[in-house]
Amino acid sequence: MGKSGYKWMKNRNSRIVKIDEKGRVFLPTSIRRGLFYGEKIILTTGFEPCIYAFSASNWEKLKQEIGVITPFSKPEIKNTYRHLQGNSEEIELDSQGRFLIPGHLFEYARLKDRVFFIKMDTWFELWNPHVFAEYQKKHPVNAEWIYKNDGNQIS
Numbered sequence: 351m352g353k354s355g356y357k358w359m360k361n362r363n364s365r366i367v368k369i370d371e372k373g374r375v376f377l378p379t380s381i382r383r384g385l386f387y388g389e390k391i392i393l394t395t396g397f398e399p400c401i402y403a404f405s406a407s408n409w410e411k412l413k414q415e416i417g418v419i420t421p422f423s424k425p426e427i428k429n430t431y432r433h434l435q436g437n438s439e440e441i442e443l444d445s446q447g448r449f450l451i452p453g454h455l456f457e458y459a460r461l462k463d464r465v466f467f468i469k470m471d472t473w474f475e476l477w478n479p480h481v482f483a484e485y486q487k488k489h490p491v492n493a494e495w496i497y498k499n500d501g502n503q504i505s
């Protein structure tokens, strides 16, 4: 392990990236490969202390999965939509693959000088590496539900 203590967090689906002096972050190549050329990225607050990031096309799919929201929608659905949509920001990458994280999201994820990217199936997450390490300690993996449900997701 290197001096930074982050070496264990580097693999093909996760990467720690330094925030430059202007507050820009380089989007790892493994994540950029999943975007269409010039496609915008939507950042929003996660349900954990992190930022969720979606390609514009996956963001639209997510909104379709949530469904049409009306004043008569269930409170849980409206609250989920408010949380995601109300805190979202559209960003673009510069020619070098960098972007600026909006201030309210930067604060929400408690970012400082580095960002830990985790690539998920249809989104990616941005974490403060120390916050992520603490989160993992408090929320250990429990795969018992997989065995109880024959590998099918719980609905």
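The sequence shown maps to residues 351 to 505 in the working numbering.
From the three backbone atoms N, C-alpha and C, an ideal C-beta is built for every residue, glycine too.
All of these numbers come straight from a predicted model, not from anything done at the bench.
| Query | Result |
| --- | --- |
| In chain order, each alpha helix (DSSP H) run of at least 4 residues that lies wholly inside the stretch 450-485 | 453-458 |
| Cβ pair K469, S380 closer than 8 angstroms | yes |
| Proximity below 8 angstroms, CB of S364 to CB of F456 | no |
| With 16 other Cβ atoms within 10 Å as the buried cut-off, status of Y402 | buried |
| Cβ distance (whole Å) where S438 is taken to contact L393 below 8 angstroms | 7 angstroms |
| L412 versus L434: straight-line alpha-carbon distance, rounded | 10 angstroms |
| Reduced DSSP secondary structure (H/G/I, E/B, other) of K368 | strand |
| Unbroken alpha helix (DSSP H) run spanning A406, endpoints | A406 to I416 |
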